[in-house]
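What follows is a single structure, written as structure tokens, with notes after it.
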Ligand SMILES: [Zn+2]
């Protein structure tokens with residue numbers, strides 16, 4: 408009999424926990440936790456077989472076999488239709504690029520096989536490795552350090568700021584400035600100045616889908632290190648040039 412009484416007493420004294428508190432504890436921080444790994448943000452995966460990526464249909468790009476994160480692509484499609492209704496034709500010129508793809512771009516420039524947009528041959532004109540990397544990084548990221556790895560960033564219409572300064576290019580750019588944010592898209596590399604003191608030069612063509620990339624930027628800020636940039640020509644200059652701080656995080660404040 409004393410055992411039964413004790414059991415009843417304990418049962419009465421137990422205070423039930425509100426159910427909502429239990430649910431809150433198991434909720435993930437955001438929907439993109441599987442993307443927040445060093446392998447992913449440094450581009451060590453194949454966009455063609457990534458379960459969260461989709462092929463960009465030919466309507467939206469002049470390239471074949473290029474990919475984007477599904478949500479970024481879905482929102483781009485809505486932006487494309489809105490632009491089209493305003494008489495503007497958005498064309499994706501580049502989207503997800505993995506480490507190996509970025510390495511092929513970088514090493515073509517590093518070796519002089521591809522001349523830089525300034526007309527400089529990086530191999531023959533610039534002997535000091537850090538100076539050479541810095542010149543290439545006016546417009547190109549080191550493999551492992553590109554936002555194009557993330558499947559959230561796109562290049563639109565022309566790799567040329569001048570195109571966006573007059574005529575149909577200016578109409579397109581002005582439309583993006585006024586409307587792209589409604590679809591989650593923001594210009595990453597705005598003019599250098601007090602708001603963006605370091606990093607790549609201005610790129611009027613490069614836009615990011617912030618609802619996902621803001622988490623990847625935060626993850627990169629917390630975990631990325633220059634010493635993780637390796638496996639390509641000139642990688643030894645990454646620490647000296649503070650690539651993570653100056654370039655990966657050298658973005659417009661609106662993209663955080
Ligand atoms: Zn770009």
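In my numbering, the protein residues as written are 408 to 663. A virtual CB, placed ideally from N, CA and C, is assigned to each residue, including glycine.
**Request:** Would you tell me roughly how many angstroms separate the C-alpha atoms of residue 403 and residue 618, rounded to the nearest one?
**Result:** With the chain covering 408 to 663 only, the question about residue 403 has no answer from this structure.
**Asked** Taking all protein chains shown into account, do 16 or more other C-beta atoms lie within 10 angstroms of the C-beta of residue 505, making it buried, or fewer, making it exposed?
**Response** Within the chain shown, residue 505 is the residue found at index 98, counting from 1. Flag for residue 505 reads buried.
**Message:** One question on the structure: do residue 510 and residue 563 come within less than 9 angstroms of each other, judged by their Cβ atoms?
**Reply:** The residue you call residue 510 lines up with position 103 of the chain shown. The residue you call residue 563 lines up with position 156 of the chain shown. Result no, Cβ atoms of residue 510 and residue 563 do not sit closer than 9 angstroms.
**Request:** State whether the region 582–593 contacts the region 628–647, with contact taken as three or more CB pairs (one from each stretch) at a distance under 8 angstroms.
**Result:** no
**Asked** In chain order, what residues of the same chain lie with their CB nearer than 8 angstroms to the CB of residue 627, ignoring the 5 residues before and after it?
**Response** Counted from its first residue, the chain shown places residue 627 at position 220. Cβ within range, chain order: 448, 651, 655 and 656.
**Asked** Roughly how many whole angstroms lie between the Cα atoms of residue 476 and residue 525?
**Response** Along the chain shown, read from residue 1 onward, the residue named residue 476 stands at position 69. Along the chain shown, read from residue 1 onward, the residue named residue 525 stands at position 118. Approximately 32 angstroms between the Cα atoms of the pair.
**Item:** Nearest-angstrom Cα separation, counted from residue 531 out to residue 478
**Value:** By 1-based counting over the chain shown, the position of residue 478 is 71. By 1-based counting over the chain shown, the position of residue 531 is 124. Each residue's alpha carbon lies about 43 angstroms from the other.
**Selected residue, minimal CA-CA separation from residue 458, among 474, 470, 551 and 466** = In the chain shown, residue 458 corresponds to position 51, counting from 1. Of the candidates 474, 470, 551 and 466, the one whose C-alpha sits nearest the C-alpha of residue 458 is 474.
**Distance between residue 549 and residue 605 (C-alpha atoms, nearest Å)** = Position 198 of the chain shown, counting from 1, holds the residue named residue 605. Position 142 of the chain shown, counting from 1, holds the residue named residue 549. If you draw a straight line from the Cα of residue 605 to the Cα of residue 549, it comes to about 15 angstroms.
**Asked** Applying the criterion that 16 or more other CB atoms from any shown protein chain within 10 Å of the CB defines a buried residue, is residue 613 buried or exposed?
**Response** The residue you call residue 613 lines up with position 206 of the chain shown. The residue in question, residue 613, is buried, as its Cβ has 16 or more Cβ neighbours within 10 Å.
**Prompt:** For residue 659, does the three-state DSSP call read helix, strand or coil?
**Reply:** Translated into the one-based positions of the chain shown, residue 659 becomes position 252. Coil at residue 659, not helix or strand.
**Asked** Just reading off the alpha helix (DSSP H) that residue 487 is part of, what are its end residues?
**Response** Within the chain shown, residue 487 is the residue found at index 80, counting from 1. 477–492 is the span of the alpha helix (DSSP H), which, as asked, contains residue 487.
**Prompt:** Taking contact to mean at least 3 C-beta pairs separated by less than 8 angstroms, is the region 449–468 in contact with the region 532–545?
**Reply:** no
**Asked** Taking the alpha-carbon positions, what's the residue 634 to residue 575 distance?
**Response** Taking the first residue of the chain shown as position 1, residue 634 is located at position 227. Taking the first residue of the chain shown as position 1, residue 575 is located at position 168. Cα to Cα, the separation comes out at about 43 angstroms.
**Item:** Three-state class that DSSP yields for residue 581 in the structure shown
**Value:** Numbered from 1 along the chain shown, position 174 holds the residue referred to as residue 581. Residue 581: helix per DSSP, three-state reduction.
**Prompt:** Can the beta-carbon of residue 503 be found closer than 9 angstroms to that of residue 571?
**Reply:** The residue labelled residue 503 in the question sits at position 96 within the chain shown. The residue labelled residue 571 in the question sits at position 164 within the chain shown. Contact flag unset, no.
**Request:** Go ahead and pull the three-state DSSP assignment for residue 463.
**Result:** Residue 463 sits at position 56 when you count from the first residue of the chain shown. Reduced to three states, the DSSP call for residue 463 is coil.
**Request:** Give the DSSP bridge partners of residue 563, in chain order.
**Result:** The residue labelled residue 563 in the question sits at position 156 within the chain shown. Answer by DSSP bridge pairing, in chain order: 499.
**Item:** Exposure of residue 560, with buried meaning 16 or more beta-carbon neighbours within 10 Å
**Value:** Taking the first residue of the chain shown as 1, we reach residue 560 at position 153. Residue 560 comes out buried.
**Request:** Would you mind giving the Cβ-Cβ distance between residue 487 and residue 622, rounded to the nearest angstrom? I have them listed as a contact below 8 angstroms.
**Result:** Your numbering for residue 487 matches position 80 in the chain shown. Your numbering for residue 622 matches position 215 in the chain shown. Rounded, the Cβ-Cβ distance is 24 angstroms, inconsistent with contact.
**Request:** Rank 641, 436 and 437 by C-alpha distance to the C-alpha of residue 551 and give the top, closest one.
**Result:** Counted from its first residue, the chain shown places residue 551 at position 144. It is 641 whose Cα lies nearest to the Cα of residue 551.
**Request:** Indicate, with yes or no, if ligand 1 has a heavy atom lying under 8 angstroms from the CB of residue 561.
**Result:** Here the question's residue 561 lines up with position 154 in the chain shown. For ligand 1, at least one heavy atom lies less than 8 angstroms from the Cβ of residue 561.
**Sequence-distant residues of its chain with Cβ nearer than 7 angstroms to residue 636 (five each side left out)** = Counting from one through the chain shown, the residue named residue 636 turns up at place 229. Cβ neighbours of residue 636 beyond the five flanking positions: 549, 551, 552, 642, 645 and 650.
**Request:** Classify residue 470 as helix, strand or coil using the three-state DSSP reduction.
**Result:** Residue 470 sits at position 63 when you count from the first residue of the chain shown. DSSP places residue 470 in coil when its eight states are reduced to three.
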